[in-house]
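To keep things clear, I will list the structure first and then write my remarks on it.
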Amino acid sequence: MKGAIIVNPYDSDEIAAAIHTALRLPLSVRQAYHQQLIKELHIHDSHWWSARFLSQLSGSPGDTGAMPAAGLIDSAGFGNRPRY
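Note that the sequence shown covers residues 24 to 107 in the working numbering.
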């Protein structure tokens with residue numbers, strides 16, 4: 024997701040580093056990130072998610088819009104890691 028600082032929620036050191044990074048971002052960058060995240064929320068709202076879910080559940084090929092590939096999750100450090 025553009026504008027988001029992606030972290031592994033199971034890695035407390037990574038979370039701390041991300042918070043530190045976020046708190047030190049210049050105001051203009053924080054505002055740009057916020058604007059992009061709000062834009063994404065307006066596009067991918069609860070109606071979009073429910074329509075996508077139901078479309079996949081029913082097997083219909085309806086327009087689901089762009090979703091990140093599974094490789095994005097793996098590259099963010101969430102794949103193949105033990106969860107505690």
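The beta-carbon is built from N, C-alpha and C at its ideal position, and this holds for glycine as well.
Bear in mind that the values here come from a model prediction, so they are computed numbers and not experimental data.
- Note that the C-beta distance between LEU60 and GLY26 is below 8 Å.
- Here ALA41 is near VAL30, since their CB atoms are less than 8 Å apart.
- In the DSSP assignment, LEU48 falls outside any alpha helix (DSSP H), carrying neither H nor E.
- For ALA74, the uninterrupted alpha helix (DSSP H) run begins and ends at 69 to 81, by DSSP.
- Shown here, ILE28 sits in coil according to DSSP, grouped into three states, outside any helix or strand.
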